[in-house]
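S.K.: Protein chains in written order, with the working numbering: chain Z, 1 to 247; chain D, 1001 to 1457; chain Y, 2001 to 2193. Glycine included, C-beta positions come from ideal geometry on N, C-alpha and C. After the structure tokens below, expect a handful of questions from me.
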Amino acid sequence: MKIGLFIPCYVDAVYPEAGIATYKLLKHLGLEVEYPERQTCCGQPMANAGFEDMATPLARKFNDLFSPYDYVVMPSASCAAFVRNFHPRLLKGEDHVCTVPERAMDIVEFLHDVIKVKSLPGDFPHIVSVHNSCHGVREIGLSAPSERHLPPYNKIIDLLQLKQGITIRQPERPDECCGFGGMFAVEEPDVSVRMGEDKLERHIATGAEYITGADSSCLMHMQGISKRQQQPIKFIHVAQILAAGID
Amino acid sequence: MSTIHSQRAHEVLQDKEKVSRHDQTFWSVREKRDAMASAVPEWEQLRDLASAIKRHTITHLADYLEQFTQQLESRGVIVHWANDAQELNEMVYGILETHKVTKMVKSKSMLTEECHLNEYLIARGIDVVETDLGERILQLMHSAPAHIVMPAIHITREQVGQLFEEKDISKEQGNYDPTYLTQCARQSLRHEFMEAGAGLTGCNFGVAKTGDVVVCTNEGNADMSTSVPKLHIVTMGIEKLVPDYKSLAVFQRLLCRSATGQPTTTYTSHFRQARPGAEMHVVLLDNDRSEMMANTQHWETLKCIRCGACMNTCPVYRRSTGASYTYFIPGPIGVDLGMLHDPKRYSDNVSACSLCMSCDEVCPVELKPGSQIYDWRQSLESIGSADPMKKVMSQGMRFLFNNPSVYTSVLRFAPLANIVPDAMTRSRKLNAWSVGHTMPQFAKPSFHQWWKKQNKK
Amino acid sequence: MKKEDLLQKLRQNTKEQYDMPDINIQGLTYPDLFVQFREMTETVGGKVVSARKTDDINQLVRNLYPEAKTFASSLPYINIAQKNPDTVTDATDLNGTDVGIVEGKVGVAENGCIWIPQTMKEKAVCFISEYLVIIIDRQNLVNNMHEAYARIDMDEQYNFGTFISGPSKTADIEQALVMGAQAARGVTVIVLE
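Next comes the structure, spelled out in structure tokens:
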């Protein structure tokens, strides 16, 4: 099994630790991992802003770059959602069938559903509050959406439970949006920040030391607000927790 | 260049407490809806069926309209076909004038708000009395509705009490108890029901096979409006049909659970003809619905049963309130309907969405209000309503991301931005991110750089 | 606007048609219909009383509403009514009724709804009365709305029917629930065996 590693633009620039942890996890599981260096972005920011067509060349590039791999794995639920659910329609005009999108996965679902990880070394003796990001919940099914009448499940929590010593909590309104929304944060800054403040408050109320999730974009948004408020709570991507203690 | 919604939201959000109360109020309704959904094992099946039934009905609408109106006419109901708001208003006024009606009681009808019927009639000397308590309060206050199901949610008991004292509806000064005030309204409205010459209702569902006009209320005001006055006028959107009773059961079970988290409305009334000695009219409204049919991306908005579940779950609606939207219906469905009716005029509301898709998950007819907003956003450019700043940012990103060598170079220099003091980055106009956030720290090294270093080893 | 023009436009603008789905839905069912019906009726603010067909219903109603002075009913076996919705001159004559007494034909356990087809000249009796008594046969309780809609019918003379679940209510003032908005302030359902 050959894995192509995709590191989203803001992970690359702001949270490379999440990318490094993802790489470490995949190597620990004995997988062959490559990182095609000419990668940049999946195209989601432009599409959410209303310029989907600008994302098309990026989708094409992504498809070409990652076609040699069995799976494309990334530390981002929202990018995985965009590639899987939106790249196919952007690539509809192509003369060949593009199969990369269906092989694109977020690291959590990859570990949970494909590798079916049942144990991980290392401990993480801390209290964490799980951030169930919208794309993770409602677009790639990392957990059962609270709106639906479905048997409850949470893949992030399933994996986190493999770490020794960890205490896992969820905030009230467990999958309410944090308000990042990409361009939304720039176009509706007041609503976005208010949503972030409310979400942050609920995470803090769990008594957690860390807020963790599968989307660094949400974490970045809440962290920016947290820093402004000078809150002590820390932020960490799920991959980093899972990789704790692995070299 | 900011949208009207974002500007108004900025104002609304100054009152943090008020926003907290508004947010909590509607979150509670969402929770009640969740409780209902969990208690019905076949909930998701009901939604799937409702969606499929509406898809079928709307794509066979002409046939069902023929069946529906034939049934009505066979029992002496007079059917009118209104092309647009102006025609509807003229028709309703015409009916009232013919019967020399001076006072008309009405129950809630979003359609009449769509057409501005009340203003039209009042200008021509008709005393229009809203009988839904929330709508009546707003009418007396000359205020706009904040929500489609709970229109007066933003009004406090003190405000209602003072209003009622002013209008001589309440006799006890300073008594702001909701039970007392509701009783006062009851007495006052009872008087109106007795005096009215006509009663106007909307229509929640029209049953094509049997010609039933179905009206659902908790207050019983639609029934009072149609049991005393001798003239019943129904205003109804053409898309409100369902084929038969078997289909109706699906919708009746979904409507109130989705709207207010109750298993049913108190009253679910079925009208097939006028009562003895009275007359019944049904005014069917098109107002571009027939045009919307042709919109392959957005015709499913016509499935909407006006339950309001989407706005209750919308984190943006809950914090920006109805006051921020420029269309009379707020929330996700308001964004969609506004764009369908008049995209240039209502494009400001398209920014009011973080694309969280919670609304898609609660919509009882699965019309995907959130996914539709994403699609509307793509069309803003061609309408000429795309925010130039967003476009510039997107173009900048496109340049960067299409040129990997430029991208990686930029990443090398990005950490320099970390040196800029936080205070200097705060400019609402130039740096919207600075509203409420400290700037993110650009990592040194970036992942790209880390990987390069790794592989040199 | 002409009806034919609209219908033609609708047909023209319909791009793709969808079939009617098979509505094979089970719906909530209950081990004890009466118990569930009573529970739901109480949840929505109504009251349920059991009685036998041989009981003195008139006395029962009097006992339920000892303060009531004016009763209205068109039911042949009710003899305590001062007003009869079948014979009043105008619906407004029913205003001031303390207790209206009507019959329900189908009771729904899932939500406490009772189907009341209009069988009297003035249906206002169902709404204008301060309190409403609905008499229903225990045999006529069903599980859910799917079962109810398969059974209900209307009197051809009046062609009106309504499902009533508990008393009229509103929460329009600060979300505070108040019973007795524009119609009945209280409802008692008499379930007959």
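Is the CB of T40/Z under 8 Å away from at least one CB in chain D?
M.R.: In the first sequence, residue 40/Z corresponds to position 40, counting from 1. Answer yes: the Cβ-Cβ gap between T40/Z and chain D drops below 8 Å somewhere.
S.K.: So, with DSSP's three-state summary, where would you put C2113/Y?
M.R.: Numbered from its first residue, the third sequence carries residue 2113/Y at position 113. Reduced to three states, the DSSP call for C2113/Y is coil.
S.K.: Once you ignore the five residues that flank S1351/D on each side, which residues in its own chain have a CB closer than 7 Å to its CB?
M.R.: If you number the second sequence from 1, residue 1351/D lands on position 351. Once the five neighbours on either side are set aside, the close Cβ partners of S1351/D are T1003, H1005 and S1006.
S.K.: Around the C-beta of G93/Z, are 16 or more other C-beta atoms found within 10 angstroms, so that it is buried, or is it exposed?
M.R.: Residue mapping note: residue 93/Z aligns to position 93 of the first sequence, counting from 1. The residue is exposed, with fewer than 16 neighbouring Cβ atoms inside 10 Å.
S.K.: What residues of chain Y sit near G1134/D, judged by a beta carbon separation below 7 Å?
M.R.: Position 134 of the second sequence, counted from the first residue, corresponds to residue 1134/D. Residues of chain Y passing the Cβ test: D2172.
S.K.: Counting contacts by CB-CB distance shorter than 8 Å, is G2104/Y in contact with chain D?
M.R.: Taking the first residue of the third sequence as position 1, residue 2104/Y is located at position 104. G2104/Y does not count as touching chain D.
S.K.: Please state whether DSSP places H1056/D in a helix, a strand or coil.
M.R.: Here residue 1056/D refers to the residue found at position 56 when the second sequence is read from its first residue. Reduced to three states, the DSSP call for H1056/D is helix.
S.K.: Within 10 angstroms of its Cβ, does V1392/D collect 16 or more other Cβ (buried), or is it exposed?
M.R.: Position 392 of the second sequence, counted from the start, is the residue given in the question as residue 1392/D. Exposed, since its Cβ has fewer than 16 Cβ neighbours within 10 Å.
S.K.: To the nearest angstrom, how far is the alpha carbon of S1405/D from that of I1305/D?
M.R.: The residue given as residue 1405/D occupies position 405 in the second sequence. The residue given as residue 1305/D occupies position 305 in the second sequence. Their backbone Cα atoms lie some 52 Å apart in a straight line.
S.K.: Check whether the Cβ of A77/Z lies closer than 8 Å to any Cβ atom in chain D.
M.R.: What you label residue 77/Z is simply residue 77 of the first sequence in a count that begins at 1. So no, A77/Z is outside the interface.
S.K.: Report the three-state DSSP secondary structure of L1355/D (helix, strand or coil).
M.R.: Counting from 1 along the second sequence, the entry for residue 1355/D is found at position 355. Reduced to three states, the DSSP call for L1355/D is coil.
S.K.: Any idea if E1097/D is buried or exposed, counting beta-carbon neighbours within 10 angstroms, 16 or more meaning buried?
M.R.: Residue mapping note: residue 1097/D aligns to position 97 of the second sequence, counting from 1. Exposed.
S.K.: Should L1088/D and M1104/D be called a contact, given that it needs their Cβ atoms to be closer than 8 Å?
M.R.: Locating residue 1088/D in the second sequence gives position 88, counting from the first residue. Locating residue 1104/D in the second sequence gives position 104, counting from the first residue. Contact: no.
S.K.: On the three-pair Cβ rule with 8 Å, is the stretch 2156-2167 of chain Y touching the stretch 2008-2026 of chain Y?
M.R.: Flag = no, the stretch 2156-2167 of chain Y and the stretch 2008-2026 of chain Y do not touch.
S.K.: Could you give the first and the last residue of the continuous alpha helix (DSSP H) run that contains S1038/D?
M.R.: Translated into the one-based positions of the second sequence, residue 1038/D becomes position 38. Per DSSP, S1038/D belongs to the alpha helix (DSSP H) from K1016 to A1039.
S.K.: For the candidate residues R1030/D, S1028/D and H1154/D, whose alpha-carbon lies nearest to that of V1012/D?
M.R.: Looking up residue 1012/D in the second sequence gives position 12. Nearest C-alpha to V1012/D: H1154/D.
S.K.: From L5/Z to A1052/D, what does the alpha carbon distance come to, in whole angstroms?
M.R.: As a first step, residue 5/Z must be located in the first sequence, where it is residue number 5. As a first step, residue 1052/D must be located in the second sequence, where it is residue number 52. Rounded to the nearest angstrom, the two C-alpha atoms are 41 Å apart.
S.K.: Taking buried to mean at least 16 other C-beta atoms within 10 Å of its own C-beta, is Q2017/Y buried or exposed?
M.R.: Taking the first residue of the third sequence as 1, we reach residue 2017/Y at position 17. Label assigned to Q2017/Y: exposed.
S.K.: Are the beta-carbon atoms of V2189/Y and T2041/Y separated by less than 8 Å?
M.R.: What you label residue 2189/Y is simply residue 189 of the third sequence in a count that begins at 1. What you label residue 2041/Y is simply residue 41 of the third sequence in a count that begins at 1. In this structure, T2041/Y lies closer than 8 Å to V2189/Y by Cβ.
S.K.: How long is the line joining the alpha carbons of R1318/D and W1027/D, rounded to whole angstroms?
M.R.: The sequence position of residue 1318/D within the second sequence is 318, counting from 1. The sequence position of residue 1027/D within the second sequence is 27, counting from 1. Distance between the alpha carbons of R1318/D and W1027/D: 8 Å.
S.K.: Using a C-beta to C-beta distance shorter than 7 Å, which residues of chain Z count as neighbours of Y1120/D?
M.R.: Along the second sequence, one-based indexing puts residue 1120/D at 120. Near Y1120/D there are no residues of chain Z at all, since even the closest Cβ is about 35 Å away, more than 7 Å.
S.K.: Can you find a C-beta in chain Y that's less than 8 Å from the C-beta of Y1317/D?
M.R.: Mapped onto the second sequence, residue 1317/D falls at position 317. Not closer than 8 Å to any Cβ of chain Y, the Cβ of Y1317/D fails to qualify, so no.
S.K.: Report the three-state DSSP secondary structure of M1280/D (helix, strand or coil).
M.R.: Here residue 1280/D is taken as the residue at index 280 of the second sequence, counted from 1. Residue state, collapsed to three classes: strand.
S.K.: Are L1337/D and I1329/D close, meaning C-beta to C-beta below 8 Å?
M.R.: Start at 1 with the first residue of the second sequence, and residue 1337/D comes out as number 337. Start at 1 with the first residue of the second sequence, and residue 1329/D comes out as number 329. Closer than 8 Å, so yes.
S.K.: With a threshold of 8 Å between beta carbons, is T1003/D in contact with chain Z?
M.R.: Stepping through the second sequence from its first residue, residue 1003/D is reached at position 3. Cβ-Cβ to chain Z under 8 Å: yes for T1003/D.
S.K.: Of the choices G1261/D, K1209/D and Y1176/D, whose alpha-carbon is the least far from that of S1074/D?
M.R.: Translated into the one-based positions of the second sequence, residue 1074/D becomes position 74. Cα-wise, what sits closest to S1074/D is K1209/D.
S.K.: Which residues, taken in chain order from the stretch 2172-2190 of chain Y, show a beta carbon closer than 8 Å to some beta carbon of chain D?
M.R.: Residues passing the 8 Å Cβ filter: D2172, I2173, E2174, Q2175, A2176, V2178, G2180, A2181, Q2182, A2183 and A2184.
S.K.: State yes or no: is the beta carbon of C134/Z nearer than 8 Å to at least one beta carbon in chain D?
M.R.: Counted from its first residue, the first sequence places residue 134/Z at position 134. Yes, C134/Z counts as interfacial toward chain D.
S.K.: Taking Cβ-Cβ distances below 8 Å as the criterion, which residues of the stretch 213-239 of chain Z are in contact with chain D?
M.R.: Correct list: M220, H221, Q223, G224, I225, K227 and R228.
S.K.: Run through the stretch 76-145 of chain Z for me and flag every whole beta strand (DSSP E) of 3 or more residues, listed as ranges in chain order.
M.R.: Counting only runs of 3 or more, we get 104-106 and 127-131.
S.K.: So, for A1037/D: in the same chain, excluding its five sequence neighbours on each side, which residues have a beta-carbon less than 6 Å away from its beta-carbon?
M.R.: Your numbering for residue 1037/D matches position 37 in the second sequence. The answer, listed in chain order, is W1043.
S.K.: Using the Cα positions of G30/Z and L160/Z, report the straight-line distance between them to the nearest angstrom.
M.R.: By one-based count along the first sequence, residue 30/Z stands at place 30. By one-based count along the first sequence, residue 160/Z stands at place 160. Distance between the alpha carbons of G30/Z and L160/Z is about 20 Å.
S.K.: Give a yes or no on contact between the stretch 172-187 of chain Z and the stretch 213-230 of chain Z, applying the rule of three or more CB pairs nearer than 8 Å.
M.R.: Result yes; three or more Cβ-Cβ pairs closer than 8 Å.
S.K.: Determine whether the Cβ of R60/Z lies closer than 8 Å to any Cβ atom of chain D.
M.R.: Residue mapping note: residue 60/Z aligns to position 60 of the first sequence, counting from 1. Chain D contact via Cβ: absent.
S.K.: Opposite C42/Z in the DSSP bridges: which residues?
M.R.: On the first sequence, position 42 is the one that residue 42/Z refers to. Beta-bridge pairing links C42/Z to no other residue.
S.K.: Are there 16 or more other CB atoms within 10 angstroms of the CB of G2100/Y, so buried, or fewer, so exposed?
M.R.: Working through the third sequence from its first residue, we reach residue 2100/Y at position 100. The residue is buried, with at least 16 neighbouring Cβ atoms inside 10 Å.
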